[in-house]
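Student: Numbering (UniProt numbering), first residue to last: 1 to 159.
Okay, here's the structure, questions in a sec.
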Amino acid sequence: MQAIASSENMSVSVTFFRLFRVMRLVKLLNRSEGIRNLLWTFIKSLQALPYVGLLILMLFFIYAVVGMQIFGKIALVDGTYINRNNNFQTFPQAVLLLFRCATGEAWHEVMLACMYEKKCDPKSDYLPGEEYTCGSNFAIIYFMSFYMLCAFLSPTTGH
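Right, dumping it as structure tokens:
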């Protein structure tokens, strides 16, 4: 019993001494104007982080919906950049494809794969003789603007 009580007293005293180390840090912050300004700037920038995150989510949402409307009928062909894992046919797949493009993973190849005169998906509704009318030349504006906005909003993913 006495050993347990002494170990509890020991942990209390260790915690008590750690408090003194924290107090030394506070004392250092009071003396140094530069460190205090740096810490204040860091705290203020963390307050804006949720708004930047919401802005990025909104950007991905808008571009995913527009991409589904424009490029959602392109045929999924294995061995190309529009395949069963990389496409605009469903919302989650569109967001995943945009995330890959935002990180720089062959976004220009995906852009070229979404250009006009691509083969249409057999499940989509197209008229006979219009099998190669899917895609759009708008892909250049779409992907370049998305990549530039991502580079502007998050410098870590914008290369």
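Note that CB positions come from ideal geometry on N, CA and C, so glycine has one too.
1) Under 8 Å by Cβ, that's how I've got V110 and C101 pegged, so tell me the actual separation to the nearest angstrom.
2) Quick check on C101: does DSSP put it in helix, strand or coil?
3) Grab me the residues of I56's own chain with a C-beta within less than 6 Å of its C-beta, minus the 5 sequence neighbours each way, in chain order.
4) For the alpha helix (DSSP H) containing R36, list its first residue and its last residue.
5) Cutting at 6 Å between CB atoms, please list the residues of its own chain near N87, excluding the five before and the five after it.
6) For the stretch 40-47 against the stretch 130-142, are there 3 or more C-beta pairs whose distance is under 8 Å?
Tutor: Considering the structure as presented:
1) As a position in the sequence shown, residue 110 is number 110, starting the count at 1. As a position in the sequence shown, residue 101 is number 101, starting the count at 1. With 8 Å as the limit, V110 and C101 qualify as a contact, their Cβ atoms being about 6 Å apart.
2) Residue mapping note: residue 101 aligns to position 101 of the sequence shown, counting from 1. Helix.
3) Numbered from 1 along the sequence shown, position 56 holds the residue referred to as residue 56. For I56, the CB contacts under 6 Å within the same chain, skipping 5 residues up- and downstream, are L153 in chain order.
4) In the sequence shown, residue 36 corresponds to position 36, counting from 1. R36 -> alpha helix (DSSP H) spans 33-71.
5) Locating residue 87 in the sequence shown gives position 87, where the first residue counts as 1. Same-chain partners within the cutoff: L76, Q93.
6) no
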